[in-house]
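Counting from 5, one number per residue, gives the positions in the sequence shown under our numbering. Even glycine gets a Cβ: it sits at the ideal position worked out from N, Cα and C. Below is one structure, written out as structure tokens; the observations come after it.
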Amino acid sequence: MLWQDKHAALTFMSLLLLLWQEAAPIEVPEDPKIQQDLKQPPTIMKQSVKNYIVDPRDNIIIECEAKGNPVPTFSWRRNGKFFNIGKDPRVTMRKRSGTLEIGFRSGGRPEDYEGEYQCFATNDFGVSLSNKILLRVSKAPLWPKEVLEPVSVTEGSALVLPCNPPPGLPPPFTFWMDSNMSPIPQDKRVSMGLNGDLYFSNVLAQDANTDYSCKARFLFTHTIQEKNPYKLKVQTKEPYNDTSYNASEPHGDRKVAESTPTFLSPSGSESSKMVLRDEQLLLECIAAGLPTPIIKWFKKGGELPGQKVKFENFNKTLKIVSVSEEDAGEYVCMANNHLGTIRHSIFVQVKAAPYWLHKPSDQVLAPEENGRLVCRANGNPKPRIEWLVNGQPIESSPTNPNRQVLGDTIMFHSVQIGSSAVYQCNASNEHGYLLANAFVNVLDLPPRMLGPKNQLIKVIKNNRTFLDCPFFGSPLPELRWFKNGQGSGLDGGQYRVYINGTLEIKRARAEDEGTYTCVASSILGKAENQVRLEVKEPTRIIQAPEHQSAIRGSTARFTCRVTSDPSLPVSVAWMKDDKPLYLGWRLKKDDESLSIPNVNEGDEGTYTCAAKSEIDQLSASARLTVLEVATLNPSVSSALLPARPDPPMDLDLSDPAARSVRLTWIPGKEHRSPITEFLVQFEEDRWEPGRWQNLSSYPGDLNSVILQLAPFVNYQFRVIAINSVGQSDPSRPSPRYKTTGAAPDAIPKGLRGWGSRKDNMEITWEPLLDLERNGPNLHYIVWWRRKDAEEEWNNLTTVGTKHVVHNTEIYVPYEIKIQARNEFGAGPESNLVIGYSGEDKPTDAPTDLRVSKVDSTKVIIHWNPVDLNSVQGEFKEYRLYYWRESSQVPGLVVSKEKKVKGFYSTTVKPSGMLSDLAPYSNYKMFMVVANNRFESQPSNTVAFTTKEGVPDAPRFFKINRRSLDTIHLEWAKPLEPNGILTGYQLKYQTVNGSKVGPFQLETFFPNVTEFFLRVPDRSSRYKFFLSALTQVGKGEDYAEESPHFTNEAYIDQVDIATQGWFIGLMCAIALIILILLIVCFIKRSRGGKYPGGGYTSCFTKALVRDKKDLPLDAVDQKDQDGSFDYQNGSSVPDRNENENSSDEDNKPLQGSQTSLDGNVKESDDSLVDYGEGGDGQFNEDGSFIGQYTVKKDKDETEGNESSEATSPVNAIYSLA
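This is the structure we're talking about:
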């Protein structure tokens, strides 16, 4: 019965938290007026530490500072009882503060004030508490005087010299020295333990030469006390000569009995140690033996965390600086020499004082609002949560019907004025406690405006604009904006109102000008403010300065024309190389330009025109390059063209730091184009040696930059200069610079957990990049635990990028995080990632699959859902498999390929639409439920039939022209009739350019697939639209145009005499004949020797000549005797065979062309017969003919090359 009551209470609490709707706490602005008027419970701002040790020589000051409105008053408790400060003259409290000062000028002992103190800060709205401060006075007691007898010990045996310093507060720091105040040398044989004792693993004879004194240094008093020294007497079996001591042979030639290792500290084979979380763990093993044993450490069940563990005191001490829960376990130290090995196990338990998981925070609520305080802490053992209100246990405080305590949470509902208070959460276990104050301030303030009144805002047209209206009130007022005092509130479209009261105008236009009013209203009243908005035209540079080159001594002029809004004054200033330009007496500036007369080298640079108005500014820049005086030498002129810059020189590294270095270089020559950018590249020799990579780029006016670097990389750098022409060659590399190592900065990306099998979870992540390693021995620590199961973290250290968690339950959520570490430490932990173990096949299948509202192409489906727990994985979808079983059209063969469609639904009565179905068909389907990897068994199979629909377009549609007045149309049935075909419909119209005629309609029976159309006008073109028909209606049109001539049997008979191309050809032939006749006439008039032929012979001769002037065909061949046959390629044996030929036919053509027998003859009509001298040869036009005559000693093929056609006159004569 008791269990049932508890169960019911827990169920009620869970339901209450689930249904709770809580208003967001009010954020009080830092406005001085609000803060001045705001009533607020006290808040502790400063206090002394919990364990407070003071120097007895100083006054005692115990701090306690708090704020609140009204100003808090302070009181103290000492050892749980009220501490009456007024009765103790030594104790005073500072004004407007709770800090105590205890002075001892008039006497008194500081020890009398030791105890536990707690401060209370109080005002009208609550009480805030400080921590309990344990005050103790530092102590440095004297070392008790004692007489120490000499210690006698046998050579080779072990020895422990105890220190036992007096107990101090805090404990003293101990060390050993000899009587000469020299530190005792320590090594693996002689060392001091954690308790201050001096341990000898084996004693040497020379150890008796020194006395040993333990010293204790007390930190607060800065004093050192010492113990009386020990003197050793080392008994040896053989005489010892200290002058013959050798470190490598400490016993010399004497025989000293060796011994197996034994532990001096700790004793026995095992021990235990408890350490608190985040504290320092020190484990010690000191062994005796001869030879001196070597100490090694191991951890059972895992590796020592190399990034956290340090070994000190010659490997005798294992140190972990900040202990966490995963450091618990069995640590084994092993001591060995050549005689044997011993082990000691230390069982480490990690406990934890309470630490915060969710610290309660202050709440400011309006009347009737809801809120809550949450206080969650963890520790080992689990801490106990206790609530207090105004310093009193909440159970004993006055009841509040609007407050309910639910474990670590206090729920507030419908809070009322006057219920403000300060709540304390105390989380404690046996190892410590945490105390947190959080006030709940119930505030009622009427709305008020916080910004300046009646602002004037000027903005640039088309810019995004924000009008601020800061306001406050409790309860939080509702804010609305109005324009020009009219209309409803502004929100939506062009406007957007933010929660802080700001109005955004997405794109300011001229019509947006006006007065905007923001009104904040609540049940306590309202407040308003106005903002006047003016929209201005932007400032523009309509003619910007341009890059130019000027010869030294000339005048350069930059133009900068600016326009702006008439109501905004604009100032134009000039800068050179980003610095204000000093005009002086030489430079001249007017409203639109800058003139630089008598240009010299100092004027070279980048000039910037900066235009600035009240609300905007812009600039434009241009480069001036100064050139030397140009000469008439073309090579010098071409040298003035811009070129790529020279590479930078003299790279130097300075200002070295852990992650940066300064790189300085000397720029190379610019070559008449200014350097606009420097590109710094680096190469490192560890991960990708020899590969240069871009590091960063810098403006062209810099030559010394700080490079941001990655740790643990051996860099070298080079620089590339860039101008408008291109990049320079790389500079010579800089000296190498090696950065020191560091813990990783990056978090491994891509962390995810997923199941590859039903009983595992694979945790994978992306490895860090090479430059993100930051040091050697990179590895990863991955943690995982069941989500919401309050399990301890499991962890693993690996160098890989994957870990498989085995033996998991099916599809269980896990919290996962990862951290990269190297030899220098740990990087940041990743955020928590939720992963899931593997999925299994769903156990349930959808049931009662059915259809409704069947159409020709779609159908509505319904089914009964499965229990989502049966999916055994992430619910992906209900997956429907469907296929076309057959068509109701007789004889139509269909594909039965299965198709899939998914439906995501978690409703109680799911349904969905299946579309894109083929009409007039028989379908079947079934459904499964699917997770990421598996599908369930199929549901029941359902058959349904779609209704008849309109058909597809005909399979093809051809247009053939059978005659001049007939067009033949041919088509085929649709691939998908989608029903019973009832016929075809043909619509057509004439098309004449952009003009179309009226539609004409023809219909056909379903078995008709061709049609002959008579066309009255043979030149007309037609456009056809053919579609198939069912009882449902007309299907898709198949459109074609005529005519198509590819398959025509008859072609229109065209009168060739009327075609333009034929007329042109005939005219060209007639012109050629006329030219030939004119040439023949000229020849006859000069006395040309053309026997028996007259004009006919001349014309024939010209045709022959014309033929011989043509280039040789590719098949023309040259015989051995140099003759050619232009018709069939046969050679002419000798000249005698041609004796019957006409003399006229054998003469060379005009211009001394080579004859068929290879000899060169001069023309009978040449002017040689009439000129003086026969050496100079001239053509009829008086030109020198020698350039065309071929000498006999040249290759005879060259004689057929003629350049006569280069002159129009020669071309005409060459035809004669």
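In the DSSP annotation of this structure, the continuous segment of the beta strand (DSSP E) that includes Ser-269 starts and ends at 263–269.
For Gly-877, there is no enclosing alpha helix (DSSP H), as DSSP gives it neither H nor E. Thr-225 is positioned such that its CB atom lies closer than 9 Å to that of Ala-144.
Exposed is the label assigned to Arg-1022, since fewer than 16 other Cβ atoms lie within 10 Å of its Cβ.
Of the candidates Leu-1030, Thr-970, Asn-63, the residue whose Cα lies closest to the Cα of Arg-959 is Leu-1030. For Met-1070, no beta strand (DSSP E) run applies; the uninterrupted alpha helix (DSSP H) run containing it begins and ends at 1064–1089, by DSSP. For the pair Tyr-885 and Met-917, the CB atoms are not nearer than the 9 Å cut-off. Beyond the five residues adjoining it in sequence on each side, Ser-432 comes within less than 8 Å, by CB distance, of Pro-358, Pro-387, Arg-388, Glu-390, Leu-438 in the same chain, given in chain order.
Two segments are said to touch when three or more pairs of C-beta atoms, one from each, lie closer than 8 Å; by this definition the segment 102–116 does not touch the segment 183–200. If you draw a straight line from the Cα of Trp-1065 to the Cα of Glu-980, it comes to about 51 Å.
Secondary structure at Ala-524: strand, using DSSP grouped into helix, strand and coil. Here Ser-915 is exposed. Its C-beta has fewer than 16 other C-beta atoms within 10 Å.
In this structure, Leu-755 sits near Lys-821, with a CB-CB distance shorter than 9 Å. Cys-167 is a Cβ neighbour of Ala-220, given a cutoff of 9 Å.
Of the candidates Ala-512, Glu-1006, Val-313, Glu-770, the residue whose Cα lies closest to the Cα of Trp-301 is Val-313.
Assignment of Lys-312 by DSSP, reduced to helix, strand and coil, places it in the coil class. Between Arg-536 and Leu-460, the C-beta gap is smaller than 9 Å, which places the two residues in contact. Within the same chain, and ignoring the five residues on either side of Leu-836 in sequence, the residues whose Cβ sits closer than 6 Å to its Cβ are Glu-819, Lys-821. The shortest C-alpha to C-alpha distance from Asn-1011 to any of Pro-978, Leu-631, Val-352, Asp-733 is the one to Pro-978. DSSP places Ser-891 in the uninterrupted beta strand (DSSP E) bounded by 881–891. As summarised for the segment 659–725, the continuous beta strand (DSSP E) elements at least 3 residues long and confined to that stretch are 664–670, 681–688, 697–703, 708–712, given in chain order. Here DSSP, grouped into helix, strand and coil, assigns Ile-38 to helix. When C-beta atoms of the segment 729–736 are compared with those of the segment 644–660, three or more pairs fall below 8 Å, so the two segments count as touching. When DSSP reads this structure, Trp-867 sits in no beta bridge, so it has no partner. In the structure shown, Glu-329 adopts helical secondary structure according to DSSP, grouped into three states. In this structure the segment 773–786 does not lie against the segment 853–866, because fewer than three pairs of beta carbons, one per stretch, are closer than 8 Å. In the DSSP assignment, Met-931 falls within the beta strand (DSSP E) that extends over 925–934.
In the structure shown, Gln-190 falls within a coil segment according to DSSP collapsed to helix, strand and coil. Here the alpha carbons of Trp-758 and Gly-839 stand approximately 6 Å from one another.
Going by beta carbons, Gln-989 and Thr-1007 fall inside the 9 Å limit.
Look at Leu-775 here: in three-state DSSP terms it is helix. The residues Leu-884, Leu-918, in chain order, have a CB closer than 7 Å to that of Lys-905 in the same chain once the five nearest residues on each side in sequence are set aside.
Within the same chain, Pro-451, Gly-477, Pro-479, Pro-481 come within 6 Å of Ser-526 by CB-CB distance, once the 5 residues on both sides are set aside.
At the C-beta level, Phe-716 and Thr-680 stay beyond 9 Å of one another. Residues of the same chain with a CB within less than 7 Å of the CB of Ile-710, apart from the 5 flanking positions on each side, are Ser-664, Arg-666 in chain order.
The three-state reading of DSSP puts Ser-478 in strand, counting E and B together.
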